[in-house]
Every structure is written in structure tokens, then in C-alpha cells.
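Our numbering puts the first residue of the sequence shown at -13, with every later residue one more than the last.
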Amino acid sequence: MLSSDLIQRILPVLLLLPVGVAILLRFLQGNLARQAALGFAILQFVLMAVVGLGALEGVAGNPENVTQNRAGDSPNLAKFNAGPVFFPRFVPGDPGVEHPTNTTTWTILPLAKSADKSVGVQLFIGLDGINMWMLLLASFIFVSVVLFSWDAIEEQPAQYYSWLFLLYAGVLGVFLSFDLVLFYIFFELTLIPLLFLIGNWGPGPKRRDAAWKLFLYTLAGGLITLVGIVSLVMFTYQKTGELTTSIPRLIVLGQKIVASSSPDQFTSWLHTENLIFLALAAGFVVKIPLIPVHTWLPGAYTEAPTGVTVMMSALLAKMGIFGFLRILLPLTPHAAINLGVPLLGTFAAVGILYGAFCALMSTDIRRIIAYSSISHLGFCVLGILSFNEAGLAGGILHMVNHGLSTGALFLLVGLVIRRYMTANLPDMGGIWKRLPTLTFFFMVAALASVGLPGLNNFISEMLMLAGVINIRSSHVSGFAFAGIACAGIFLGAWYTLSLVKNLFFGPLKEPGNVEVKDLTTRERCAVIPLLVMCVILGVFPQLVLDSMKADVDSLSHLAMTTRLQLAR
-13 MLSSDLIQRI
-3 LPVLLLLPVG
7 VAILLRFLQG
17 NLARQAALGF
27 AILQFVLMAV
37 VGLGALEGVA
47 GNPENVTQNR
57 AGDSPNLAKF
67 NAGPVFFPRF
77 VPGDPGVEHP
87 TNTTTWTILP
97 LAKSADKSVG
107 VQLFIGLDGI
117 NMWMLLLASF
127 IFVSVVLFSW
137 DAIEEQPAQY
147 YSWLFLLYAG
157 VLGVFLSFDL
167 VLFYIFFELT
177 LIPLLFLIGN
187 WGPGPKRRDA
197 AWKLFLYTLA
207 GGLITLVGIV
217 SLVMFTYQKT
227 GELTTSIPRL
237 IVLGQKIVAS
247 SSPDQFTSWL
257 HTENLIFLAL
267 AAGFVVKIPL
277 IPVHTWLPGA
287 YTEAPTGVTV
297 MMSALLAKMG
307 IFGFLRILLP
317 LTPHAAINLG
327 VPLLGTFAAV
337 GILYGAFCAL
347 MSTDIRRIIA
357 YSSISHLGFC
367 VLGILSFNEA
377 GLAGGILHMV
387 NHGLSTGALF
397 LLVGLVIRRY
407 MTANLPDMGG
417 IWKRLPTLTF
427 FFMVAALASV
437 GLPGLNNFIS
447 EMLMLAGVIN
457 IRSSHVSGFA
467 FAGIACAGIF
477 LGAWYTLSLV
487 KNLFFGPLKE
497 PGNVEVKDLT
507 TRERCAVIPL
517 LVMCVILGVF
527 PQLVLDSMKA
537 DVDSLSHLAM
547 TTRLQLAR
């Protein structure tokens, strides 16, 4: 078992290593760059797995870490100079516990000085039950992306892998951050690698237009989110006299403001919180994306290199949902429940149906999977917005499950396009005769995507459905949202299985006289691990659910407390 001190030392290395590799790759060429990228990607995954499993073993081997929390605090798995809690657990009438003062000592950007310390943006990173599996997913997916890109990227592979490692570093930074400004910095830094990766290595003629559209959409949303961050920090400072960007500390201060407010002050705080919530949510809604700010997604997903598309669908879209969990509910809980559930829940519900019908009508196999992501992620957002144990647990689990199944689907679609040089579905059919192994792998990924019992998406969809039915809101009907979610599941099975039928079965139809071969060893190594995990998490979902239970309970209790405050 890894000690907590050792895990604390490894976490900054895991964050900085991809940046160092990105710089190193600039000095390499050809196959040497490919070999170095693959070697470091595997090393990063091994280190991340060791840290994650070490943290899990520490919790499993020390039950007091879960059951004996001072003043009702939720446990954490590991931290980097972070004190004993990340998400304090609140109970009605309790203004919250003080966040420990032994936070990160490395201040990146000083904002003010007090008598005993510098106050500012801190390197505040760590593990908990919410982000650990997203970090493992990112490292796991990244190995497959690097391996898949080996033959796909022929021009300037060193520069491509360099930008890819920078993108990966930004993703890790978002999931690791417990400082609000640090979170935002990494959140926005992912835009720069994406712009170059899509614009320079995208296979389509409109790649640069797609890259700029993605960049401008997400930058605009991110700038609005920055306004929300500054407003939240300054408003908290005005009310409490404490200037901090620590997310756990801001949670505690927000609860104190509410607990000490008179009814008139509470009403005023709710109005301010609503405005801050809308600003904070802007960047996350664009990144997912939700209707109506989704129009960048089809172009970006189809014009990007397949490996980059996998990163966007499996990881970057999850950064927006992760922002709901890490920032929106904990820091603006009243607005998240009072305003976010009806507003964003409606956008998510519309997105479920819109994405499904667009997938049904599309003839481009990449766009079918792209639109399916809009539908699946809308369901995931509904689960998160239920703010109860089942919905939160299902939503977090689905973030992992969707990353695995959709990542595998995009890789397999990329392999089909690589062989036939087209993504037009009417030009192909019956190709299982030529590609039996690829067909089998695609069937497994497709069945996982539609939620076949025994595969990973089934459990998370059922949990989210249970959570959505029990949405406790006076503004929306949980049964209406659940009905839309069920329709999305049915439509998802329709368009996914139709894709499988039309592409792989029936009379053989190929575009021109082409000679195609089944999967190579390298291609199998890129896809098989994702499919194996789809099976493992379908049979043993408790691997994820048990490790995040305490943090899910804390968020659920915070939501329950907030509902009581709104009802008073």
C-alpha cells in the first residue's frame, strides 16, 4: 500500500510529466517520436494506476478513513498538502466545519497578504472518489489514442504527439484541481492544443473552420465563466472578509453566509447566486455541449483526427459535466437546484431527443456517433442534476462508461474509414465478410453503448433513471424527464443497431475496388483494453461505486440541506 505522503509526492509528477514529454518530443523525429510517446503514455498510466489503486487500498484497509470523519466531514482518498477534507458534509442547522489551514504552501499567484501567510491561487491538487476514476480513464484512453495514431499520423508525428501530450496535461489538471482559478486555467488551456491538432492534422477540407468554431465557442463560454469565478470570489470576500480561491474553503464560507443571513439577506443572496451560477455554467454547457450551444460539435468531431475525436468525446466533454460536480453544486447549491434543474435539465432533455433523431437521420458514420454523444451526455447531465445518491452515482459512473464505449466506437469507426477512405454509410455494407474481427469488436462496443445488461452502460443508465425519477424539484416533473430519458435509450438502440446492420451485414458493398485487411496487432491492442473494461465494469460496477460513495453522499447531503434552506 502506498503511503499518503508518497501519493502526495507522485501527484505533482503526474501533472508535470506530460508537459515535460511534450517538450521532449519536439526534439525527436519519425518512429523515435512515436516510440517515445507510447512509452511515456504507458508509464503515465502505470503511475496513475499505482496511485489510484494505492489510494483505494488505503481506504479499504482503513475503515476509519470512511467512518470516522471529524464533525461529519466526507473522506478523501489522497491529497497534496490539502488537509483532511475536500467536500465538507453539511447537516441542517450546521454552518459547516472549518476547512483546515494546512493547505498548499506553494502560492502561484499572490493576491493579498495577511499577518501570517500569502493568499492567492495555489497548486491545490488531490484525489477523491469523484475525480480518481476520471484520471484513470484519461490515462487509460490516452494509451489507446497514442497507439491508434501510430499509423494514422504520417506528417510531423513529433509535433502531433507533443500537442497531444499538452492536451492530456490540461485534462489531468482539470480533474486534479481543487483551486478555482487553477481549475479554470487548465480548463481553458485545453483549447490551444485542440486548435492546432484539428487545424493541422484533421483529415477533412473544413478542418480549420471546425477548429476555429470550436475555439471561439468554448473561449466565449470560458470568458463568461471567468466573470462568474471573479464575482464569486469577490462577493465571498465582501461578505466574510476572507479572500480565497480554494474550492473546499469557498464551500464552507458560502454555507456560513447563508446560515448567518436574515430572510431579506437570504433572498438577496439567492438573486446574486443565480447570476453567478449562470455565468459559471456557461463554459461547462458549451464544453459538454448542451442544446443550443452544440453546433460546434459535429464539425469538430468529424474534422478532427480520430485520436483527437476520442479525446474530445471520452474526456473533454466530461470536463463540463465534472464542472457541475466540482463547482456548480458545491459553490452555488441554491441556484443549481432552484434554477439549474429546470433550465439545464430542459436543455439536457431536449438534447437527448435532438441528438438521437439527428443520429437516426445522418448518413456519415462519424456524425452518427457524434450526435449519439449529445444524446448520451444529455442523459448524464439529467442524472447529475437529480442531486440524489442514485443520480449522482449513476452520472459519475456513466462518465467513465460513456468514455470507454464511445471511445471504442470512434476508434473502430476510424479504422473503417482508414480502410475505405469514406465515412458515407450508403457506400458500404456487408463488410463483416472482409473484417470479421473489427465487426465483432464493433458489436461489443455498440451493445455496451445501448446498455445491454452485463455491459457497463446498463448499470449507470439504470442508476441515472432512478435518480431522475426522484428529482425533488417544484419546477419540473421527474417522471417527465425519466420518460424522455427512456425514449433516448430506445432511440439509442435504434440508431446504433441500425448502424451495425447497415454497415456490417447484408450484401457486400464497397466503394470501388479496394483491398482491405482485418485489424493489425497494433490496432487490436488499441481497442481490446477498452472493450475489456466495458465488460469488467458491466459485471463489477462496485469497483467504481464503492470508492465514490462517501463523496456522493456528501454532495447529496449538501443538496438536501440546500432544499431545506430554500423551503424555510
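Using N, Cα and C, we set each Cβ at its ideal position, and we do this for glycine too.
Which word fits residue i, buried or exposed, when buried means at least 16 other C-beta atoms lie within 10 angstroms of its C-beta?
i: residue 458; result: exposed
i: residue 131; result: buried
i: residue 193; result: buried
i: residue 543; result: buried
i: residue 387; result: buried
i: residue 304; result: buried
i: residue 374; result: buried
i: residue 497; result: exposed
i: residue 137; result: exposed
i: residue 196; result: buried
i: residue 18; result: exposed
i: residue 16; result: exposed
i: residue 280; result: buried
i: residue 553; result: exposed
i: residue 250; result: exposed
i: residue 377; result: buried
i: residue 6; result: exposed
i: residue 163; result: buried
i: residue 502; result: exposed
i: residue 508; result: exposed
i: residue 463; result: exposed
i: residue 302; result: buried
i: residue 461; result: exposed
i: residue 32; result: exposed
To the nearest angstrom, how far is it from the Cα of residue i to the Cα of residue j?
i: residue 360; j: residue 273; result: 11 Å
i: residue 172; j: residue 118; result: 17 Å
i: residue 231; j: residue 244; result: 19 Å
i: residue 488; j: residue 410; result: 11 Å
i: residue 440; j: residue 395; result: 18 Å
i: residue 415; j: residue 493; result: 6 Å
i: residue 27; j: residue 121; result: 13 Å
i: residue 491; j: residue 518; result: 24 Å
i: residue 158; j: residue 339; result: 31 Å
i: residue 228; j: residue 316; result: 18 Å
i: residue 181; j: residue -4; result: 30 Å
i: residue 35; j: residue 25; result: 15 Å
i: residue 480; j: residue 3; result: 43 Å
i: residue 402; j: residue 408; result: 8 Å
i: residue 238; j: residue 548; result: 13 Å
i: residue 213; j: residue 526; result: 42 Å
i: residue 364; j: residue 37; result: 31 Å
i: residue 186; j: residue 465; result: 46 Å
i: residue 323; j: residue 149; result: 38 Å
i: residue 451; j: residue 443; result: 12 Å
i: residue 114; j: residue 283; result: 30 Å
i: residue 10; j: residue 23; result: 10 Å
i: residue 219; j: residue 156; result: 23 Å
i: residue 454; j: residue 384; result: 14 Å
i: residue 109; j: residue 470; result: 42 Å
i: residue 399; j: residue 389; result: 15 Å
i: residue 222; j: residue 1; result: 30 Å
i: residue 447; j: residue 216; result: 36 Å
i: residue 198; j: residue 412; result: 30 Å
i: residue 12; j: residue 277; result: 39 Å
i: residue 516; j: residue 393; result: 8 Å
i: residue 42; j: residue 500; result: 50 Å
i: residue 545; j: residue 425; result: 45 Å
i: residue 311; j: residue 328; result: 17 Å
Per the DSSP calculation, residue i is bridged to which residue(s)?
i: residue 163; result: 111
i: residue 537; result: In the DSSP output, where bridge partners are listed per residue, residue 537 has none listed.
i: residue 410; result: 350
i: residue 232; result: 165
i: residue 415; result: 495
If you scan the stretch 470 to 520 from start to end, which runs of the alpha helix (DSSP H) of 4 or more residues do you find wholly inside it?
none
Contact between the stretch 247 to 265 and the stretch 338 to 351 is defined here as three or more beta-carbon pairs at a separation below 8 Å; is this criterion met?
no
Does the stretch 469 to 485 come close enough to the stretch 415 to 424 that 3 or more CB-CB pairs lie under 8 Å?
no
Does the pairing of the stretch 264 to 273 with the stretch 207 to 219 give three or more beta-carbon distances under 8 Å?
yes
Counting pairs of Cβ atoms below 8 Å between the stretch 328 to 337 and the stretch 368 to 384, do you hit three or more?
yes
Which whole runs of the alpha helix (DSSP H) in the stretch 11 to 35 are 4 residues long or more, in chain order?
none
Taking the runs of the alpha helix (DSSP H) that are 4 residues or longer, which of them lie wholly in the stretch 331 to 402?
351 to 371
Along the chain, which unbroken stretches of the alpha helix (DSSP H) at least 4 residues long are found entirely within the stretch 204 to 267?
233 to 245
Suppose only complete runs of 4+ residues qualify. What are the alpha helix (DSSP H) ranges in the stretch 124 to 200, listed by chain order?
143 to 162, 166 to 175 and 177 to 187
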